[in-house]
Each structure stands twice: as structure tokens, then as C-alpha cells.
Amino acid sequence: MRKNFRNQDPRNIIEIGISNDRFFNGDAIAFADQHAWTQNSDDECIAFRRRPEAIYMNEIGYQPIIAVTGATGFVGGALARQLLQMGYRVRSMCRRPLTEAERESGIEWIEGSLTDTDRFDALLRDARYCFHIAAMFRTEGPRKAFMQVNRDATRALLEASRRAGVERFIYCSSIGVHGNVADAPADENAPFDPRDPYQESKLRAEDLCRDEMGRPGMSVVIVRPCSTYGPGDTRMLKLFRLVQRRRFLFAGRQTPNFHPVYIDDLVAGYILTMVHPDAPSGTFILGDRVFLPLRDYVRAVATALDVPPPKATIPYSLALMAARLCEALYAPLGLQPPLPRRRLTIFKHNRAFSIRRAQTVLGYQPLINLEEGFRRTITWYRQQGMLA
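Its first residue numbered 1, the sequence shown is counted upward by one per residue in UniProt numbering.
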């Protein structure tokens, strides 16, 4: 059934298909006549977009504004770029001087940071959606600082979003709120067990979001991403370097699971939470289809780098002693230790989750397997001169 809905109110239209053969419900976008349009039994228009560049919001003068905190970072930046490609206007905040790439990105920038809560009204003016991605994510720091940035700023952003008339607020939390998973794979209802100030602050921010879910006027969604990697990420770089240089050591003989997610799959999931009618008041874990033992994950890194997989193991107690010493030496200098205790949790804490809720409710389908994801990531590292 072909039909031209060019004169329809775009807010009644749902797009399917974003790019690179990825399909999911999208938001209001008008298309050129070469696209196939169908209708379902509820008289809701559904469009299928064949070309990623086929975005025609400008033809009807409708470009919703989306506020994205953290657009200078890895996840927030990838999300902002995808939203811009889809034809949305994206607005974010940055306190430091912008890079040339950021100035030319197409993002509308507001000067400020998460602690500048008086700037939130400017960030959210006329915004239809708000993605709260930014957070304090240093490995170490005082609990008060984590709470101020990750909890208190979330409260202020929720309040400002209501004042601005935002329709949907999507909060980026962390699988870390579950701590060490005892019964794998864990789902969204698994017990909370935060193990450090960062994880605790994310859980407290989640509590604020859950309180807002019961109020009318603005829908709220919580997302718990698994360990995100891909081009643009530097947090995994140290692991790749250690494996390539054959200096990686396992700490302890436990075999915890590790659950990654490729950045493109995570972004696709985020957009689903923005547009899907069943997302409001939901909490969703977004990850790869499979989790795997940490040793297998590291072996996959070695295979992608074409080096022998590491096998050497030191006692966990020895690694913990070294981490404590690092923290003691670096704390007086106000510097981040190269080996904080928090980093050792990868060798001890089980990270294995079910993504069934996101698959069932949102239609979330991660497409990039670990082999392909590592290939793309390593290519980017080498292009940036970060990896030999």
C-alpha cells in the first residue's frame, strides 16, 4: 500500500530504519515520494526509509529540539551525531573552549556544565526530549562530588525539563547499580548493590527518576548500558595496549563474566527509548546479545590484535595491595592513580545481564558482534595513532 503522507502532521508519523540496515521505530520525519508508506490497524502511519541520507524534516519545517548532556563525550557525542543525521536539532552544554570539530558539528552549544544548574533552562528551551548522558566518571573522588554531579544535577535537570515542557526524559544510569551479579544473567529487577560512590550516585539519581515516573506531564525512562566500546572510546585503550604489548596480567583465578555493548547498538537502543510508545516509566538494560567470561573477552582482544592471548595470573591480594599503594601515593598529589582499586573489580565482580526486556518491549536488536566491533575499534585506535 503506497500513500503520500507529506501533508500529515509529522508527530503522528513513526519512522522505521535509521542507517546501515538498522531498523527500529523512530520519530516524526517526512520522506520523499520514493519511500513506501503503510498503515497499521490503528491508523498509525509507518514509514520505511531506504537511504540514511533521506531526511526531509526541512521540507515541512519541523525539526524537534533534543537536549543531550555529555555531547562532548564518547556516548553522548555518538548519540548527538546520530540525532543530527536523523534531522533533529541537538543542543548541549560545554564549559571548556570548543574544539574546531565541536564548533562545526551542528550542535547548538550552551556554555556551562552539570554544576551550572542555572543554565539548564537555556539548554532545555523548546526541547521535546532530553537525554541525560553526562556524569562524573572518574575512578576515584570524594562521595560528595559524585553526589553533587550525578544525583543533584539530575534532580535539577528533571525539574528544569518539566518547566520547559519536555515530553520525555531519558536517564543514562549504569549496570554498576547492581554491583556483583550473584544470579546471572541479571535483569532490571535484580537487587541493587552499588560498590563505590559512582555507582551509589547513579542509583540515587535513578531514585529521583522513579519518583518522577508517577507524575503526569513528562515521561521518564531509565537506561542501564553495559560496558560500552567502539570508535571514539578511550577507556578500553589501556586494555588493548597491555594485551598488544603482552603485559596484561589477570588478577586472581575467578572467572567473572563481562558484558559489552558496541556504541552503535547502544545509540540505537537510546533512540528506541526516545520514540517507542511503550518505553515511558520503563528501565532497560542495553547490551550485546551475549556476555562472556572475562578471559574469553581478553582472548578476543588478543585475537583481534593478532597476538597470543595472555595467560599470566597474579594473586588478587597482591593486585589489591598494589592498588592501595597507588592510591596512597597519588592522593596527596590530587592525581588519578594508574591502578585504583575500582579497576580491579573487573577480575572479581560478575557482569552478566539479560536484555530480553529491551528486545521484547522496544524491539532492540544489537547487530555488531564482538569480532566486528573490535575490528572497528582497533582500526580507529590506529588511525588516531593510539595503537601500533
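C-beta: ideal position from N, C-alpha, C; glycine also.
Judged by beta-carbon spacing, T228 lies beyond the 8 Å limit of L203, meaning their Cβ atoms are not closer than that value. Judged by pairs of C-beta atoms under 8 Å, the segment 216–225 touches the segment 156–175, as three or more such pairs exist. The beta-bridge partner set that DSSP reports for V220 consists of F169. Rounded to the nearest angstrom, the Cβ distance from P310 to R246 is 7 Å, consistent with a contact under 8 Å. Pairing R215 with A160, the inter-Cα distance amounts to about 15 Å. For E108, the uninterrupted beta strand (DSSP E) run begins and ends at 108–111, by DSSP. With respect to the C-alpha of Q254, the residue from V275, T313, R382 having the closest C-alpha is T313. With fewer than 16 other Cβ atoms inside 10 Å of its own Cβ, S317 counts as exposed.
Of the residues V301, A319, A358, the one whose Cα lies closest to the Cα of L387 is V301.
Taking the C-beta atoms as reference points, V177 is found nearer than 8 Å to E206. By the neighbour-count definition (other C-beta atoms within 10 Å, threshold 16), E200 is a buried residue. Pairwise C-beta distances place the segment 182–193 out of contact with the segment 141–152, as fewer than three of them are shorter than 8 Å. Beyond the five residues adjoining it in sequence on each side, T115 comes within less than 8 Å, by CB distance, of Q148, V149, A153 in the same chain, given in chain order.
Per the C-alpha coordinates, the member of R289, E327, Y381 positioned closest to A304 is Y381.
With 16 or more other Cβ atoms from the protein chains shown falling within 10 Å of its own Cβ, F258 counts as buried. Across the structure, A268 and V290 are spaced so that their CA atoms are roughly 17 Å apart.
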